[in-house]
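Remarks on the structure that follows.
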Amino acid sequence: MNYIDFHVHAFADKIAERTIRSLAETAKEAPETNGTLSDTEQKMYSWKIDGFVLLSIATKPTQHLVCNNWAVSCKSEHIFPFGSVHPDGDDVFQELERIKQLGLYGVKLHPDYQGFYADEERMFPIYRKCGELGLPILFHAGVDPICPEDIHCTPKMAVRALESAPDTTFILAHLGGNQLWNEVESILAGNFENLYLDTAVIGRHMQDDDLLFRIMEKHGYDKILFASDCPWDNPAVTAEKIKRLGLTPAQEHAVFAGNAERLLNL
């Protein structure tokens, strides 16, 4: 594969229209798809994206069973779904075991939508369990439109989470912290073996190409994952932004597909 987008959202047909409308109103941004999986697949094909990681979020403790059943139904040769658990669920560890058994590729957590801070000690056993199961955790990090003044995963919080579970692979979305990139550069980049950074929304939100280059260079091109956060950004735009940085062919391959293939065991 030439391009794998590691951060994509879509929804079951019966909820896609109202979900995407609500999220667009919160974000005050126009989506790139209508939120359905079929439209997302068609757009990805038109953007020349070969495969993508599909992320779902269990926003209620009672929701992760349905969420993960839908995720596994979407699995294909070019769709790689992550599962999700809600940390307040009584069966959270059982559900993590089921995610592994279902063959899902990892776990998506969203502190802002799931009501926790990344460095809460109650989360540490969940992080460690994911490591035991070989399930990478993909975290929303930095500012989110739902609560822009109350950031649930800052780079400093991420440090405690990473240190709590050194055998767990963490993927911090939005290049380690949406709109907190100076802190990412000074605190996170290059400092953790178990940390990957994805590039979700940098095409739309990150204007400083020099800072983008410095973070990627410092953290290492083997730990950067090409990602868009579609439907909230266009992967083709993100790809062009990365190509402007002047990476070597080997570095580009690692970022655009190679690292993803290794993490997903493709």
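First residue of the sequence shown? That's 69 in my numbering, and the numbers climb one at a time after it. Ideal placement from N, C-alpha and C gives every residue a C-beta, glycine not left out.
I'd like to know whether the C-beta atoms of residue i and residue j end up nearer to each other than 8 Å.
| i | j | result |
| --- | --- | --- |
| ILE255 | VAL211 | no |
| ALA19 | ALA268 | Coverage of the chain is limited to positions 69 through 334, which leaves residue 19 absent and any answer about it impossible. |
| PHE74 | ALA295 | yes |
| ASP169 | HIS154 | According to the sequence as given, residue 169 is Gln; it is not Asp. Contact: no. |
| THR237 | TYR264 | yes |
| ASP29 | ARG312 | Here the chain comprises residues numbered 69 to 334, so residue 29 is not present and cannot be evaluated. |
| GLY271 | LYS224 | no |
| ILE167 | LEU203 | yes |
| HIS273 | ASN246 | yes |
| GLU329 | MET69 | yes |
| THR222 | TYR181 | no |
| PRO213 | THR316 | no |
Need the endpoints of the beta strand (DSSP E) that residue i sits in, please.
| i | result |
| --- | --- |
| LEU206 | 205-207 |
| GLY119 | 119-122 |
| ASP73 | 72-76 |
| ASP266 | 263-266 |
| LEU240 | 238-240 |
Taking the continuous alpha helix (DSSP H) assigned at residue i, which residues delimit it?
| i | result |
| --- | --- |
| LEU105 | 105-114 |
| GLN182 | 179-182 |
| PHE192 | 192-201 |
| ASP187 | Premise fails: ASP187 is in no alpha helix (DSSP H) and is neither H nor E. |
| ASN327 | 327-332 |
Using 8 Å for Cβ pairs, my map puts residue i next to residue j. What's the rounded Cβ distance?
| i | j | result |
| --- | --- | --- |
| LEU172 | VAL140 | 6 Å |
| HIS178 | ILE125 | 5 Å |
| LEU123 | LEU206 | 7 Å |
| HIS77 | CYS215 | Going by Cβ atoms, the distance from HIS77 to CYS215 rounds to 18 Å, so no, they are not a contact pair. |
| GLU253 | ILE292 | That pair is no contact at about 13 Å. |
Taking contact to mean 3 or more Cβ pairs, one atom from each stretch, closer than 8 Å, check whether the segment 159-172 and the segment 109-116 are in contact. no
Would you check if there are 3 or more beta carbon pairs closer than 8 Å linking the segment 190-199 to the segment 133-141? no
Note down, one range per segment and in chain order, each alpha helix (DSSP H) of at least 4 residues found wholly within the segment 139-177. With a minimum length of 4 residues, the continuous alpha helix (DSSP H) runs that stay inside the segment 139-177 are 160-170.
If you pair each beta-carbon of the segment 101-108 with each one of the segment 312-329, do three or more pairs fall below 8 Å? no
Would you check if the segment 147-155 and the segment 86-100 touch, i.e. whether three or more CB-CB distances between them fall below 8 Å? no
Quick check on the DSSP output: what are the complete beta strand (DSSP E) runs of length 3 or more inside the segment 241-312, in order along the chain? 263-266
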